[in-house]
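Q: To get the working numbering, take the position in the sequence shown, counting from 1, and add 359.
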Amino acid sequence: MKTPICSICLQSDILCARCRKNVETGRISGLGAKVIKNLYALSKTTRSLDNVVIEKVVDLDSLILILCQKTDVANMVGREGRITKELRKNFGKQVKIVGREDYKGMISSLMFPARVSIGKLYSNGMESIKITMQKSQLKSLPAKQEDLLTAITEITNMKTELSVQ
Ligand SMILES: [Zn+2]
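1) For V454, count neighbouring Cβ atoms within 10 angstroms of its own Cβ and tell me buried if that reaches 16, exposed if not.
2) Can the beta-carbon of L422 be found less than 7 angstroms from the beta-carbon of D506?
3) What are the start and end residues of the alpha helix (DSSP H) that includes C427?
4) Less than 7 angstroms between C-beta atoms, sequence neighbours within five positions excluded: which residues of the same chain meet that for G399?
5) My output table needs one value for I395: the three-state DSSP class, helix, strand or coil.
6) At what residues does the alpha helix (DSSP H) containing R379 begin and finish?
7) Beta carbon of E414, beta carbon of L426: below 7 angstroms?
8) Kindly indicate which residue of R441, L424, K380, V382 has the alpha-carbon position closest to the one of L408.
9) If we call anything under 7 angstroms between Cβ atoms a contact, is V457 one with M465?
10) With a floor of 3 residues, list each beta strand (DSSP E) that falls wholly inside the segment 479-513, ordered by position along the chain.
11) Sorry if obvious, but does the Cβ on C427 come closer than 6 angstroms to a heavy atom of ligand 1?
12) Considering only residues of the same chain and omitting the five flanking positions on each side of P501, which have a CB-CB separation below 6 angstroms?
13) Beta strand (DSSP E) containing K455: first to last residue?
14) What residues match up with E520 in a beta bridge as DSSP calls it?
15) With I442 as the anchor, note down where its alpha helix (DSSP H) starts and where it stops.
16) Less than 7 angstroms separating the beta-carbons of V523 and K489?
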C-alpha cells in the first residue's frame, strides 16, 4: 500500500516532517491520517489493499473522499464494498473512492448516484467547472452539496459551481 503517509508514520502516532508537509499541502485533510491508518490496519487482513496507491484523502463534514489510481478502485472498495462499509461505520460519514482520471469521470463517480452534466467555464482567463443538475436529482446526492463541491475543487484544483434547474 502506497499512501501520502510513509510506512514509518503509518505505524507510529506522530508524523515525520515529510508526512506533515503532505498534511499542510492538502494531500491529507481533517482526519485523513486516521483514515489512512485505518486502511493500513485493514490491509493486514485484506489482500486487495496490498498494492493500491492512495494519492489523496479529503475529510469533510459529511464525506471522506479517497483519491487513488484508477486501476485500484475495485481493490480499494473491496469485495461487496467491504472496505468502504468498514470506513463508513468507523467514521460515521459517506466514503467515496474515486480513481484519478479526467475531471468529468472523477466528478461523475463522486456525485453518483445523482446524475449531473459537467462542463467548463472560462472567464478572465480562469477556468472553472460548472455542474448542472435537475432539482429532482438533489435527493440522490451522496453527501452534503457544499462538501461535494469542496471535494471536487480538492481533486481538480479548479473552482466549482453548481446550477440546479
Ligand atoms: Zn512519515
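A virtual CB, placed ideally from N, CA and C, is assigned to each residue, including glycine.
A: Let's see:
1) The residue is buried, with at least 16 neighbouring Cβ atoms inside 10 Å.
2) Contact: yes.
3) Where C427 is concerned, there is no enclosing alpha helix (DSSP H), although the beta strand (DSSP E) it sits in stretches over 422-428.
4) Reading off the sequence, residue 399 comes out as Tyr, not Gly. Within the same chain, Y399 has close Cβ partners M360, L369.
5) Note: I395 maps to helix in three-state DSSP.
6) Element bounds for R379: 376-383.
7) A contact, by the Cβ cut-off of 7 angstroms.
8) The shortest CA-to-CA distance from L408 to any of R441, L424, K380, V382 is the one to R441.
9) Yes. Within cutoff.
10) Runs of the beta strand (DSSP E) spanning 3 or more residues and lying entirely within the segment 479-513 occur at 485-492, in chain order.
11) For ligand 1, not one heavy atom lies less than 6 angstroms from the Cβ of C427.
12) Excluding sequence positions up to five before and after P501, its CB lies within less than 6 angstroms of the CB of Q453, all in the same chain and listed in chain order.
13) For K455, the enclosing beta strand (DSSP E) starts and ends at 453-459.
14) Beta-bridge pairing links E520 to K489.
15) Per DSSP, the continuous alpha helix (DSSP H) segment holding I442 begins and ends at 441-450.
16) Here V523 is not near K489, since their CB atoms are 7 angstroms or more apart.
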